[in-house]
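Enquirer: Numbering (full-length UniProt numbering), first residue to last: 1 to 327.
(1) How about residue 232 and residue 202: do their beta carbons lie closer than 8 Å?
(2) In three-state terms, what does DSSP make of residue 93?
(3) For residue 249 versus residue 212, is the C-beta distance shorter than 8 Å?
(4) Give every residue of the same chain whose Cβ lies closer than 8 Å to the Cβ of residue 58, excluding the five residues on either side of it in the sequence, and list them in chain order.
(5) Output the distance between the C-alpha atoms of residue 341 and residue 279, rounded to the nearest integer angstrom.
(6) Is it buried or exposed for residue 204, if we count other Cβ within 10 angstroms and need 16 for buried?
(7) If contacts are defined as beta-carbon pairs under 8 Å, then residue 46 and residue 3 qualify, I think. What distance do you get, rounded to the angstrom?
(8) What does DSSP give as the partner residue(s) for residue 83 in the beta ladder?
(9) Closest to residue 207 by C-alpha separation, out of 224, 192 and 193, would be which residue?
(10) Checking 8 Å against the spacing of the C-beta atoms, do residue 276 and residue 251 come in under that value?
(11) Are residue 209 and residue 234 closer than 8 Å when you measure CB to CB?
(12) Got a sec, what are the start and stop residues for the alpha helix (DSSP H) residue 35 sits in?
(13) Taking the C-alpha atoms as reference points, what is the distance between residue 104 and residue 112?
(14) Keeping to the same chain, check which residues put their C-beta closer than 8 Å to that of residue 153; ignore five residues upstream and five downstream.
(15) Quick one: Cα of residue 40 to Cα of residue 19, how far?
(16) Cutting at 6 Å between CB atoms, please list the residues of its own chain near residue 188, excluding the five before and the five after it.
(17) Quick check on residue 55: buried or exposed, where buried means 16 or more other Cβ atoms within 10 Å of its Cβ?
(18) For residue 69 and residue 32, which I take to be in contact (beta-carbon distance under 8 Å), what is that distance rounded to the nearest angstrom?
(19) In angstroms with no decimal places, state the Cα-to-Cα distance between residue 63 and residue 90.
(20) Excluding sequence positions up to five away, which residues of its chain have a Cβ less than 7 Å from the Cβ of residue 128?
(21) Mind checking whether residue 164 and residue 130 have CB atoms under 8 Å apart?
(22) What does a CB cutoff of less than 7 Å around residue 67 pick up in its chain, not counting 5 residues either side in sequence?
(23) Express the C-alpha separation of residue 158 and residue 149 in angstroms, rounding to a whole number.
(24) Going by C-alpha to C-alpha distance, which of 85, 29, 96 and 255 sits closest to residue 16?
(25) Which runs of the alpha helix (DSSP H) at least 4 residues long sit entirely within the UniProt domain "DnaB/C C-terminal" (226-281)? Give them in chain order.
(26) Please say whether residue 14 and residue 44 have beta carbons closer to each other than 8 Å?
(27) Residues in the same chain with beta-carbon distance under 8 Å from residue 256, minus the five sequence neighbours each way, listed in chain order, please.
(28) Within 10 angstroms of the Cβ of residue 244, are there 16 or more other Cβ atoms? Answer buried if so, exposed if not.
(29) Measure the beta-carbon distance from residue 271 to residue 282 and round it to whole angstroms, keeping in mind my assumption that it falls under 8 Å.
(30) Taking the straight line between their C-alpha atoms, what separation do you get for residue 166 and residue 134?
(31) For residue 5 and residue 196, I'd like the C-alpha separation in whole angstroms.
(32) Going by DSSP in three states, residue 131 sits in which element: helix, strand or coil?
(33) Taking DSSP as the reference, what is the three-state secondary structure of residue 222?
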């Protein structure tokens, strides 16, 4: 079940842009229009958010219809839909359609841009990579990256190739990666190649660890990814050390627990442990310490008292009554 968080001000009414009515509503499916209008009403009415179950129940739709509707309006540039986690929750921002249309007409003229050979070739190459025709919005988005992000066409193609190699061809995912590259100050092909190598090297190791733990899905949650990244890139532990911590976790609690493994590796990092030999030495030292304490406890509890001495011959005579006869 997904939750959608709205970002805007509170109104006592629900204004609907004429641009939406004239341009977007006629070609949209009826249930998509219903989702947009109800979402707009909740948003402008001051609701902080609403989950897909409530929207689906109110409109007598399936939750998948709700998700598909938001994705559609995001692709059309009517809203901005941004994932906030890996649990299917999103920020939904209703855009100013008048400003959006002015910006798109002022900044990107598709007919003009398509007459430029390099842009036309780039868009054709993108279509070949993702295996389908591009929508006008997608064309505008890719062309806009050259101005907004300072991405040359070659860099954009590398970005698309990278996304396709991960099995991702939807425009929302590609746009998210482009924003991440921009934030990482990637501006050249060399920057992109270095970023991809570093990122892929990390994920190759992450996937190996997940496989060792018996976790098939490589898409881990952000806190788990942060732990894995810390073990690999901050602590710089080799995989064999991480595997050893995983083994200990399984031996003690019989399941894969990221926090438990993280606790083991945090302790090893503080102790300067870097190899399996270091782990073995630590275990031996701990074992010897326990034995020493156990031996000391044994002495204290049983042997640490004054020994008594007995004359067993005299004792035996008394028991048998011989000592009396001698007297």
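Ideal Cβ placement from N, Cα and C applies to all residues, glycine included.
Expert: Let me lay it out:
(1) yes
(2) It is a strand residue.
(3) no
(4) So the qualifying residues of the chain are 38.
(5) Since the first residue of the chain shown is 1 and the last is 327, residue 341 is not available in this structure.
(6) exposed
(7) Not quite, the Cβ-Cβ distance comes to about 17 Å (not below 8 Å), so this is no contact.
(8) DSSP lists 90 as partners of residue 83.
(9) 224
(10) In this structure, residue 251 does not lie closer than 8 Å to residue 276 by Cβ.
(11) no
(12) That run of the alpha helix (DSSP H) goes 30-44.
(13) Residue placement at residue 104 cannot be trusted, given a pLDDT of 49 that sits under 50; the coordinates are not used to answer.
(14) 118, 119, 121, 122 and 146
(15) 15 Å
(16) none
(17) buried
(18) Between the beta-carbon of residue 69 and that of residue 32 there is about 4 Å, and that keeps the pair under the 8 Å contact cut.
(19) Each residue's Cα considered, the two are about 14 Å apart.
(20) none
(21) Contact check for residue 164 against residue 130 passes: the beta carbons are separated by less than 8 Å.
(22) 2 and 52
(23) 15 Å
(24) 96
(25) 239-253 and 258-270
(26) yes
(27) Cβ within range, chain order: 213, 214, 215, 246, 249 and 250.
(28) So residue 244 ends up on the buried side.
(29) By a beta-carbon distance limit of 8 Å, residue 271 contacts residue 282. Their separation comes to about 7 Å.
(30) For residue 166 and residue 134, the distance between alpha carbons rounds to 19 Å.
(31) Looking at the two C-alpha atoms, the distance is approximately 32 Å.
(32) coil
(33) helix
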